[in-house]
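Residue numbers (the numbering used here): 32 to 254.
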């Protein structure tokens, strides 16, 4: 994914006596927000103090609002609507974790944006999400389309030491720092060219006149 330069804004002020989760993305079936609501309802039924913020819009917004109401989550879920970069950055820096509950996904930008803000994630094992999350240990990875597994992931994140997830976030971000990658590529090419020049200097080609002379001499000695 590309990485936007998120504004350097202070974190949103959120209640600290609960675990704050954020979903940021389109409100469409493929994103699995309906599964997240079911999982979050299970978490709340276990008397874990938590709140879920949903940022984004989409064709399922009214349906998801009705679902949240039917699950008794009116006081536990906040629909934020579409957020521009500044308020999104403020929420990313304020919440305890980002949730990416997708049924199918490549690699959403929010995954790297969360890492830039030092915020761990709960992600489903789809696309490159699970692979990168396990490689860099920035997330809890759960089985996709499994409400029980997602609920367990939320609970584990609520109880986890988040500093462990932050340790390798810089390494993850380097993987997607295309400016640094381009700089490294240029340095590698420069090194290769320098080595090639040294090799050529050590083994100079014979001048064309000598090569012709040697060929003529060889022809005369073998009529």
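Each residue gets a CB set at the ideal place from its N, CA and C atoms; glycine is no exception.
Since we're looking at a predicted model, the values are computed, not measured.
*Supposed close pair residue 81, residue 130 - CB separation, criterion 8 Å*: Actually they are not in contact, since the Cβ atoms of residue 81 and residue 130 sit about 11 Å apart, beyond 8 Å.
_For residue 112 and residue 95, the rounded distance between their alpha carbons_ = 12 Å
*What are the boundary residues of the beta strand (DSSP E) that residue 171 is part of?*
170 to 173
*Would residue 169 be called buried (16 or more neighbouring beta carbons within 10 Å of its own) or exposed?*
buried
*So is residue 38 buried or exposed if we call it buried at 16+ other beta carbons inside 10 Å?*
exposed
*Identity of the residue in 109, 134 and 178 nearest residue 161 by Cα*: 134
*List the DSSP bridge partners of residue 52.*
83 and 128
*N- and C-terminal bounds of the alpha helix (DSSP H) containing residue 64*: 64 to 76
*Starting from residue 108, follow the beta strand (DSSP E) in both directions and report where the run begins and ends.*
108 to 112
*Would you check whether the ligand NAP has a heavy atom nearer than 7 Å to the C-beta of residue 79?*
In the structure on display, the ligand NAP does not appear, and there are no ligands present to speak of.
*Where residue 150 falls: helix, strand or coil (DSSP)*: coil
*Measuring alpha carbon to alpha carbon, tell me which of 192, 159 and 151 ends up nearest residue 200.*
151
*residue 196 lies in the alpha helix (DSSP H); which residues open and close that run?*
193 to 197
*Shortest alpha-carbon distance to residue 190 belongs to which of 158, 153, 207 and 69?*
153
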